[in-house]
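Chemist:
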Amino acid sequence: MLKRLEKPAQVRAGELLTPWQELLHSLIFAGPGVLWVVTFLVLPGLLLLACSFLSRGEFGQVGLPLTLANYLRALGYGPLGWTPIYWQILGRSLLVAAVTTFFCVLLAYPLAFFIAAHPPRQRDLLLTLVVVPFWTNLVIRTYAWMVVLAPEGWPARLAAWLGWIPPQTALYPSWLAVYLGMIYTFLPYMVLPLYTAVERIDWRLAEAARDLYANGWQVFLWVLFPQTLPGLAAGLILVGIPALGMFVVPDLLGGSKTLLIGNVIQMQFGASLDYPFGAALSFLVTGLSLGLVYAYSRYVGSRGLEELI
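Take a look at the structure:
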């Protein structure tokens, strides 16, 4: 009695596709992205991995025999026995990354709430001001900090007036300059994911908490803060992992006083011409970074990972 309804034409056309045609369509859409990842990430990573097992020649050339000496040296084992120098540098780098991330969180939370509290047009302007530093090269921005922290800059003059430093003294190279440069560099990476999380907050829960006589700190700690955890998780990874390997800011604002693991790796591919050892150090730091991300993802939970991805 009832006639069977026909499917739309586009569905019937989709059913007529052969498996090879579906594969071709998938390659057309995913091919450029896959090609980019393979060309600029996978292949260089494999070349660097292979280089880490090669030997350095007398004049800096790279070749056979294959060896694990580069990894043993990175772990502190050398011809004269074990030395903790690279572990100390790595620990110092972890400390700098942790301090940078901590202050980025302290500054980014009020800034994210401040931006989210404005009307849409003003909000767009404030977000533009946050991302404006991305329009300038990192090296140029770091040189700008060198000008600001020079003896003629107002921070150095203020510090001299307060008696903290002698007159006509620059605030760099120093650890203070390194931390200022690192926080300035990575603060936008913390603000943007936190702002996205703040925008999704259900403010009805905060109103309910206020009706139950919760003060402002309790409302933030027990109602607002848990709702921003996905953004915080993303910000911690976006700031902490790159800060661990940063070498431009410590090199320019810290000099030889602030040798971090990124500076050591950069030296191996630069003045030292020891590519195999630099590659081994790079992979050890990469492995440490992946381990930290995995441990943190397990701690945050599957919901945080889904929001992060």
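For the sequence shown, the residue numbers in this note's numbering are 8 to 316. For every residue, glycine included, the Cβ atom is placed at its ideal position computed from N, Cα and C. Bear in mind the structure is a predicted one, so any value in this text is a computation, not a measurement.
Quick one: Cα of L201 to Cα of T235, how far?
Modeler: As a working note, residue 201 is residue 194 in the sequence shown. As a working note, residue 235 is residue 228 in the sequence shown. Straight-line Cα distance between these residues: approximately 7 angstroms.
Chemist: Name the one or two DSSP bridge partners that G85 has.
Modeler: Locating residue 85 in the sequence shown gives position 78, where the first residue counts as 1. Looking at the DSSP assignment, G85 forms a beta bridge with G88.
Chemist: Answer with buried or exposed for V18, where buried requires no fewer than 16 other C-beta atoms within 10 angstroms of its C-beta.
Modeler: In the sequence shown, the residue the question calls residue 18 occupies position 11. Because V18 carries a pLDDT of 44, less than 50, the predicted location of this residue cannot be relied on, and the following value inherits that uncertainty. By the neighbour-count rule (16 or more Cβ atoms within 10 Å), V18 is not buried but exposed.
Chemist: Measure the alpha-carbon distance for V146 versus L259 and round it to whole angstroms.
Modeler: Residue numbering aside, residue 146 sits at position 139 when the sequence shown is read from its first letter. Residue numbering aside, residue 259 sits at position 252 when the sequence shown is read from its first letter. Rounded to the nearest angstrom, the two C-alpha atoms are 9 angstroms apart.
Chemist: Compute the distance between the beta-carbons of L245 and F254, then report whether it is under 8 angstroms.
Modeler: For the purposes of this step, residue 245 is identified with residue 238 of the sequence shown, where counting begins at 1. For the purposes of this step, residue 254 is identified with residue 247 of the sequence shown, where counting begins at 1. Not a contact, by the Cβ cut-off of 8 angstroms.
Chemist: Going by the DSSP bridge assignment, what does G70 pair with across the sheet?
Modeler: Working through the sequence shown from its first residue, we reach residue 70 at position 63. DSSP lists S62 as partners of G70.
Chemist: Based on Cα-Cα distance, which residue from E65, L61, G242 lies nearest to L75?
Modeler: Stepping through the sequence shown from its first residue, residue 75 is reached at position 68. Among E65, L61, G242, the Cα nearest to that of L75 is on L61.
Chemist: Would you identify the three-state DSSP class for L214, choosing helix, strand or coil?
Modeler: Position 207 of the sequence shown, counting from 1, holds the residue named residue 214. As written in the sequence, residue 214 is Glu, which differs from the Leu given in the question. In the structure shown, E214 sits in a helix (DSSP, three-state: H, G or I).
Chemist: Going by the beta-carbon positions, is the gap between L251 and V230 smaller than 8 angstroms?
Modeler: In the sequence shown, the residue the question calls residue 251 occupies position 244. In the sequence shown, the residue the question calls residue 230 occupies position 223. Against a cut-off of 8 angstroms, the Cβ pair of V230 and L251 comes out as no contact.
Chemist: Classify A240: buried if its beta carbon has 16 or more other beta carbons within 10 angstroms, exposed otherwise.
Modeler: In the sequence shown, counting from the first residue as 1, residue 240 sits at position 233. Buried is the call here.
Chemist: Here's the rule: buried if 16 or more other CB atoms are within 10 angstroms of the residue's CB, otherwise exposed. What is G261?
Modeler: Here residue 261 refers to the residue found at position 254 of the sequence shown. By the 10 Å Cβ count, G261 comes out buried.
Chemist: Tell me which same chain residues have a C-beta within less than 6 angstroms of the C-beta of L299, skipping the five on either side of it?
Modeler: For this step, residue 299 is matched to residue 292 along the sequence shown. Result list for L299: empty, nothing under 6 angstroms.
Chemist: Mapping DSSP to helix, strand and coil, what is F276?
Modeler: As a position in the sequence shown, residue 276 is number 269, starting the count at 1. In this structure, F276 counts as coil in the three-state DSSP scheme.
Chemist: Three or more C-beta pairs closer than 8 angstroms, one from the stretch 41–57 and one from the stretch 281–299: is that the case here?
Modeler: Cβ pair count under 8 angstroms is three or more, so yes.
Chemist: Are the beta-carbon atoms of A123 and V205 separated by less than 8 angstroms?
Modeler: As a first step, residue 123 is located in the sequence shown; it is residue number 116 there, counting from the start. As a first step, residue 205 is located in the sequence shown; it is residue number 198 there, counting from the start. For A123 and V205, yes; Cβs fall inside 8 angstroms.
Chemist: Measuring CB to CB, does P1 end up less than 8 angstroms from G83?
Modeler: With the chain represented from 8 up to 316, any question about residue 1 goes unanswered, as that position is not in the structure.
Chemist: Which full runs of the beta strand (DSSP E) of 3+ residues lie inside the stretch 110–167, going along the chain?
Modeler: As far as the stretch 110–167 is concerned, it has no whole beta strand (DSSP E) run of at least 3 residues.
Chemist: Just mark R63 as buried or exposed, buried being the case when its beta carbon has 16 or more other beta carbons within 10 Å.
Modeler: In the sequence shown, residue 63 corresponds to position 56, counting from 1. Buried, since its Cβ has 16 or more Cβ neighbours within 10 Å.
Chemist: Please report the straight-line C-alpha distance between L113 and P39, rounded to a whole angstrom.
Modeler: Within the sequence shown, the letter at position 106 stands for residue 113. Within the sequence shown, the letter at position 32 stands for residue 39. Straight-line Cα distance between these residues: approximately 39 angstroms.
Chemist: What is the rounded straight-line gap between the Cα of A219 and the Cα of Q225?
Modeler: Reading the sequence shown from its first residue, position 212 is the one you call residue 219. Reading the sequence shown from its first residue, position 218 is the one you call residue 225. Per the sequence shown, residue 219 should be read as Leu rather than Ala. C-alpha separation (whole angstroms): 11 angstroms.
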